[in-house]
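For the record, the sequence lines run as chains A and B. Mapping of the first sequence onto the numbering used here: position 127 corresponds to residue 292, and the numbering continues sequentially without gaps. Mapping of the second sequence onto the numbering used here: position 149 corresponds to residue 1423, and the numbering continues sequentially without gaps.
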Amino acid sequence: MNRMCITSEQLFNLLLLVFSSFFLYHAFHITEDSGLGSSASIPIMAFSVMVMASLMALGKSIFSSVRPVEKIPRAVFLVLLMILLYSLFLEEIGFLISSLVFIGVLVFAINGSRLVTSFALALLVVLVTYLVFRIVFKVMLPEGMIPEREILFYLKNLFN
Amino acid sequence: MYMLNAWVSLDYVLLTALGTLLGIYVGAIPGLSVTMAVSILISFTFSWDINNALCLMIGIYMGGVYGGSRTAILLNIPGAPAAIVTALDGYPLAKKGLAGQAIGLSTIMSVIGGFVGIAVLAVAAPAVSDFALLFQPRDYLLLGIMGITLVGALSGRSLIKGIFAGALGIGIGTVGLDPLTAEERFTFGYVELWSGISPVVVMIGLFGLTEALVQLHNLDKAMIKQKVDKIVPKLGDIKKYLPLSIQSSFIGVVIGALPGTGGEIASLMAYDHARRVTKKPEVPFGEGAKEGLIAAESSNNAAVGGAFIPMLTLGIPGDAVTAVFIGALFIHGVNPGPLLIETRPDMFWFIVGTLLLANVFLLIFGLTGIKVFSKIIQCPKGILIPIIFLLSIVGAYSIHNSVSDIWWMLAFGVMGYFMRRHGYPLSPIILGVILSHLMDENWRRAILVERNDLGAFWANLFSSPLSLTLLFIIVFVALSSTPFWRILKQKISRK
């Protein structure tokens, strides 16, 4: 267990070191100008600091005592997967349906509510979000499969 | 006169009221932070008039700092870091059946603290601004470094990790076309990256998504119910504790004005002050001393006014929330800095007026609707967290109506989650993103003035008292966070 924790922290610091070195290398190739006031100067300084700091953090994680790291709950992976799927299908399916499925599945999985309750709650949340952001704040949200504009136009006509 | 603008328009008054009310709930619900709320909200207010956006965001900030105390008192779970100290005496008071009194007293003292903070902002900011006009480009560079070093040193357990986070923020801020030479920086041939990475996406990822992911670790914490009555405090109590409240407020405003500090440190210092000046408390500190509650609440709300001083006069954010505010002002075409008060006095006094208005609403909402509040904060996290995810996604999408912003948000959210797991603070990242432009521009101006001569740069730096002071502060902050400092202190104390 402890061995896993050490590996996790060391691995993360190592990844940060690789990440910083990669960008430091690219920072040196931003411009041909080698002057101190060139467009590459601040990026070189920033990524040099990152390389040094990540190197020190890695060294510290190797030589100091183990800091316990909590296990990642399965819900975290589920949420990340759901956000990825949501972003992939958002424009195709539209805000209303994709958000309904997104919230419904997450409330069902995370809160442990019954499926019907989860989706009823999701419907309420999505409708309130839509009303606040789309209708009041005029934020553009993808329509997808539902002809929202036509529906809104029809509803508007009903009250006129 | 400009200050009155915030009070005469019904739109501004309603938005400030709405913001304050929302802020109280956002600040109170553990897992929702003011920074998270303001970050998500920015993206929705792009198309708004700047004054409307400011009213809502200032209300949320003011309400949010106070709101954290509610759950600290009722549940022993501080809704915000600034309310950690509030829980020390607030929760013991609630356990004795005095939750209503504790909430009432904390509301009044928060409002007093708020007024002191705003008064100091109104008086001190113009003077600081005049002084800031004397700053050379190298001083701005040093101020930027000082802000990041302070936040890096104070927001985490490790200075190295704090500095890494700050440098990462600067690196992220440099992505895109260089504003001076139009050379591509880290765009890897993608035209979409020419305009850089939106700071708002970074904010939503780090403070919205990351925070919500971290909250998934504590889903099963049960909520405790408290009896809440007699909320309006007695006049005698207010009079008795007023001197301590004002002293704590001044501590709060001074600490709040230092970049990298904020309500959390302000309340700790004020609590310590209260312990020292209160010779015979009715109840010992930590067991329900009203003095402890008053010191914490007065100081953390006074720190809000203080945090606006460096932001509006120097363009240096005091904390993560004011960094988000600077981002919002930039988006709306306003550049905070020493010239703001001179060129846009209307904007400065409008902010002061809105802060005052938000403080008045804090008093109204703080003393009413507590019973409804107690029910709402018991909303299960399993329902609340998916809603935060949805709002973060909608917020990121609405920046450019583009799915790629959701992916960026996701990337920053995941990165932030793993950085938090391994003890890296996130506030320096956003501070770095916001300050990278200022530092980049001023470093290049400073070095061009010296004709690319690093020796002349250092010589002038050492010959200027202001630059030297700033450099000294940076070195001091950095050194005081290292083990060498502790060893040095031990050696001195032995002698």
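Ideal placement from N, C-alpha and C gives every residue a C-beta, glycine not left out. Computed from a predicted structure; not experimentally measured.
Practice problem: Pick helix, strand or coil for B:LEU1451, following the three-state DSSP scheme. | Solution: It is a strand residue.
Quiz item: Which residue spans inside the stretch 1641 to 1685 of chain B form an unbroken alpha helix (DSSP H) run of at least 4?
Solution: Listed in chain order, the complete alpha helix (DSSP H) runs (minimum 4 residues) inside the stretch 1641 to 1685 of chain B are 1644 to 1650, 1655 to 1674.
Practice problem: Decide yes or no for the touch test of the stretch 1596 to 1607 of chain B against the stretch 1703 to 1717 of chain B: beta carbon pairs closer than 8 Å, at least 3 of them. | Solution: At 8 Å Cβ cutoff, the stretches touch.
Self-check item: As assigned by DSSP and simplified to three states, the class of B:GLU1458
Solution: Strand, per DSSP.
Quiz prompt | Check whether B:LYS1564 and B:LEU1367 have beta carbons under 9 Å apart | solution = The Cβ atoms of B:LYS1564 and B:LEU1367 lie closer than 9 Å to each other.
Quiz item: Which residues in chain A sit within 8 Å of B:LEU1454, going by Cβ to Cβ distance?
Solution: Neighbours of B:LEU1454 on chain A, chain order: SER204.
Quiz prompt | Residues that A:GLU256 contacts on chain B, provided the C-beta gap is smaller than 9 Å | solution = By Cβ distance, chain B contributes VAL1677.
Practice problem: Mind checking which residues open and close the alpha helix (DSSP H) that includes B:GLU1565? | Solution: DSSP places B:GLU1565 in the uninterrupted alpha helix (DSSP H) bounded by 1564 to 1588.
Quiz item: Leaving out five residues before and five after A:PHE267 in sequence, what residues of the same chain have Cβ atoms less than 7 Å from its Cβ?
Solution: Beyond the five residues adjoining it in sequence on each side, A:PHE267 comes within less than 7 Å, by CB distance, of MET247, TYR251 in the same chain, given in chain order.
Quiz item: In the structure shown, what three-state DSSP assignment does A:ILE268 receive?
Solution: Three-state DSSP puts A:ILE268 in a helix.
Exercise. Could you work out which residues of chain A lie near B:LEU1728, taking near to mean beta carbons separated by less than 8 Å?
Key: Under the 8 Å cutoff, chain A gives LEU201.
Quiz item: Going by beta carbon distance, what residues of the same chain come within less than 8 Å of A:ILE227, once the five residues before and after it are set aside?
Solution: GLN175.
Quiz item: So, is the C-beta of A:ILE248 closer than 9 Å to a C-beta in chain B?
Solution: Closer than 9 Å to some Cβ of chain B, the Cβ of A:ILE248 qualifies, so yes.
Practice problem: Please state whether DSSP places B:HIS1235 in a helix, a strand or coil. | Solution: Residue 1235 of chain B is absent from the model: chain B starts at 1275 and stops at 1769.
Quiz prompt | Contacts that A:LYS321 makes with chain B (C-beta to C-beta distance below 8 Å) | solution = Ordered by position in chain B, no residue passes the 8 Å Cβ test against A:LYS321, which lies about 21 Å from the chain.
Quiz prompt | Chain-ordered neighbours of B:ILE1321 on chain A, where CB pairs are closer than 8 Å | solution = It is worth fixing the name first, because residue 1321 of chain B is Ser in this sequence and not Ile. LYS303, listed in chain order.
Self-check item: Coil, strand or helix - A:GLU256 by DSSP
Solution: A:GLU256 falls in the helix class under three-state DSSP.
Quiz item: Nearest to A:GLU287 by CA position, among A:VAL301, A:GLY277, A:LEU271, is which residue?
Solution: For the sequence presented, residue 287 of chain A should be read as Ala rather than Glu. Looking at the Cα atoms, A:LEU271 is the closest of the given residues.
Quiz prompt | the stretch 1278 to 1287 of chain B touching the stretch 1602 to 1619 of chain B, judged by at least three CB pairs closer than 8 Å | solution = With the cut-off at 8 Å, the stretch 1278 to 1287 of chain B and the stretch 1602 to 1619 of chain B do not touch.
Quiz item: Using a C-beta to C-beta distance shorter than 7 Å, which residues of chain B count as neighbours of A:SER186?
Solution: Ordered by position in chain B, no residue passes the 7 Å Cβ test against A:SER186, which lies about 12 Å from the chain.
Quiz prompt | Within chain A, partners of B:MET1331 - CB distance below 7 Å | solution = Residues of chain A with a Cβ closer than 7 Å to the Cβ of B:MET1331 do not exist, since the nearest Cβ in that chain sits about 14 Å away.
Quiz item: Does any residue of chain A bring its CB to less than 9 Å from the CB of B:THR1448?
Solution: It does; some Cβ of chain A falls within 9 Å.
Practice problem: List the endpoints of the continuous alpha helix (DSSP H) containing B:ARG1550. | Solution: It spans 1537 to 1551 - the alpha helix (DSSP H) in which B:ARG1550 sits, taken as one unbroken run.
Practice problem: Please name the residue in B:MET1336, B:TRP1322, B:ALA1373 whose C-alpha comes closest to that of B:ILE1347. | Solution: Taking only the C-alpha atoms, the option nearest B:ILE1347 is B:ALA1373.
Quiz item: A:GLU235: which of B:ARG1719, B:GLY1697, B:VAL1751, B:SER1755 sits nearest, CA to CA?
Solution: Of the listed residues, the one whose Cα sits closest to A:GLU235 is B:GLY1697.
Practice problem: Using a Cβ-Cβ cut-off of 9 Å, state whether A:LEU179 counts as contacting chain B. | Solution: Not closer than 9 Å to any Cβ of chain B, the Cβ of A:LEU179 fails to qualify, so no.
Quiz item: If you measure from the beta carbon of A:ARG168 to each beta carbon in chain B, is any gap under 9 Å?
Solution: Reliability of the predicted coordinates at A:ARG168 is poor, the pLDDT of 48 falling under 50, and the value obtained from them is presented with this limitation in mind. Closer than 9 Å: no.
Practice problem: Determine the extent of the alpha helix (DSSP H) in which B:ASN1734 is found, giving its start and end residues. | Solution: Start and end: 1728 to 1737.
Quiz prompt | C-alpha distance - A:ARG168 paired with A:ALA222, whole-angstrom precision | solution = Because A:ARG168 sits at a pLDDT of 48, beneath the cut-off of 50, its placement in the model cannot be relied upon, and the following sentence gives the value as read from the coordinates. If I take the Cα positions, the gap works out to 18 Å.
Quiz item: Comparing alpha-carbon positions, which option in B:ASP1727, B:GLY1436, B:GLY1342, B:LYS1369 lies nearest B:THR1360?
Solution: Looking at B:ASP1727, B:GLY1436, B:GLY1342, B:LYS1369, the one whose alpha-carbon comes closest to that of B:THR1360 is B:GLY1342.
Quiz item: What is the rounded straight-line gap between the Cα of B:LEU1288 and the Cα of B:ALA1632?
Solution: So the two alpha carbons sit approximately 10 Å from each other.
Exercise. Take B:LEU1487 and list the residues in its own chain whose beta-carbon comes closer than 7 Å to its own, dropping the five residues that flank it on each side.
Key: If you ignore the 5 residues before and after B:LEU1487, its C-beta comes within less than 7 Å of the C-beta of GLY1687, TYR1691, all in its own chain and listed in chain order.
Quiz item: Among B:ILE1748, B:ARG1718, B:LEU1744, B:ALA1730, which residue has its Cα nearest to the Cα of A:MET210?
Solution: For A:MET210, the closest C-alpha among the options B:ILE1748, B:ARG1718, B:LEU1744, B:ALA1730 is that of B:ARG1718.
Self-check item: Selection from B:ASN1492, B:LEU1745, B:ILE1446, B:PHE1736 that minimises the alpha carbon distance to A:ASN276
Solution: Nearest C-alpha to A:ASN276: B:ASN1492.
Quiz item: With 16 as the cutoff for other CB atoms within 10 Å, does B:CYS1653 come out buried or exposed?
Solution: So B:CYS1653 ends up on the exposed side.
Quiz item: Exposed or buried, what is B:THR1345 when buried is set at 16 or more other beta-carbons lying within 10 Å of its beta-carbon?
Solution: By the neighbour-count criterion, in which a residue is buried when 16 or more other Cβ atoms sit within 10 angstroms of its Cβ, B:THR1345 is buried.
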